[in-house]
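S.K.:
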Amino acid sequence: MNRRIVVIGGGIASLAAAHRVAELAKENSLSVELTLLEATSRLGGSIVTERVGDFLVEAGPDSFITEKPWALRLCGRLGLTSRLISTQSAYQKIYVAHRGKLVALPEGFFLLAPTRLWPFLQTPLFSWPGKLRMASELLIARGDVNE
6 MNRRIVVIGG
16 GIASLAAAHR
26 VAELAKENSL
36 SVELTLLEAT
46 SRLGGSIVTE
56 RVGDFLVEAG
66 PDSFITEKPW
76 ALRLCGRLGL
86 TSRLISTQSA
96 YQKIYVAHRG
106 KLVALPEGFF
116 LLAPTRLWPF
126 LQTPLFSWPG
136 KLRMASELLI
146 ARGDVNE
C-alpha cells in the first residue's frame, strides 16, 4: 500500500519533517509518496545564503541549542557533524540594551530564564517587582494543554 504524505512549507522544520518521513519509510520498508508544498521559488524559509559582490552573506538562524539534542542528531544523520562550529566560551554572552548601555544577561540565564539565583538577583536588567514576578512563576501551576 502506497502512503501519501504532504508536508506544507519549505522552511527548516518542514524540510526536517520530510527528511524524517523518508528515513522512517526506508527503515520500515514502506512505500511513501511524499509531496512538499512551498509557496515561494526557493526552499529554506528564513535561512538564506547569498553572494553579494565578493561576500557570502548568511541570513536567518545561525545556531541551535545543543542542550536540546534533536538538531544535533539531525546534523549527524545528514553527515554534517564535522562541519559544526561551536561558540568559544569566552564569547557566549548575550547583551541587552538597557538605559543606553549594553548589559550582559546574568550568568545562568538559559533560554531567557534564570537558572542561578545570585547573578539573577544582582542584574540591573530587571526591577525588583519584575524579579519577584518571575520568582512567583515557581508557585503558579502549569496550565492545561487542552485549554
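Residue 152 is where the sequence shown ends in the numbering used here, and the numbering goes up by one at each step.
No residue lacks a Cβ here, since even glycine has one placed at the ideal position from N, Cα and C.
(1) Check whether the Cβ atoms of L61 and T71 sit closer than 8 Å, and answer yes or no.
(2) Does the ligand GDP have a heavy atom nearer than 7 Å to the CB of I99?
(3) Taking only the alpha-carbon atoms, compute the straight-line gap between I13 and P134 and give it to the nearest angstrom.
(4) Buried or exposed for G15, please, with buried defined as at least 16 other CB atoms from any protein chain shown within 10 angstroms of its CB.
(5) Name, in chain order, the residues that DSSP records as bridge partners for A21.
(6) Among residues of its own chain, excluding the 5 on either side of S34, which ones have a beta-carbon nearer than 7 Å to its beta-carbon?
(7) Could you give the distance in angstroms between the alpha-carbon of S132 and the alpha-carbon of P111?
(8) Do you know offhand how far A76's Cα is from H103's?
(9) Residue ranges of each beta strand (DSSP E) run of no fewer than 3 residues wholly in the stretch 69-104, ordered along the chain?
(10) For A140, report the span of its alpha helix (DSSP H) as first-last.
(11) Out of V11, R8, A21, which has the shortest C-alpha to C-alpha gap to L83?
(12) So which of I17, G81, L107 has the shortest CA-CA distance to R47?
(13) Measure the CB-CB distance between S157 and R8 and report whether it falls below 8 Å.
M.R.: Taking the structure as given:
(1) no
(2) In the structure shown, the ligand GDP is absent, as is every other ligand, since no ligand is present at all.
(3) 44 Å
(4) buried
(5) A21 pairs with nothing; no bridge assigned.
(6) none
(7) 14 Å
(8) 32 Å
(9) 100-103
(10) 133-141
(11) A21
(12) I17
(13) Residue 157 falls outside the range modelled here, since the chain spans only 6 to 152, and no answer is possible.
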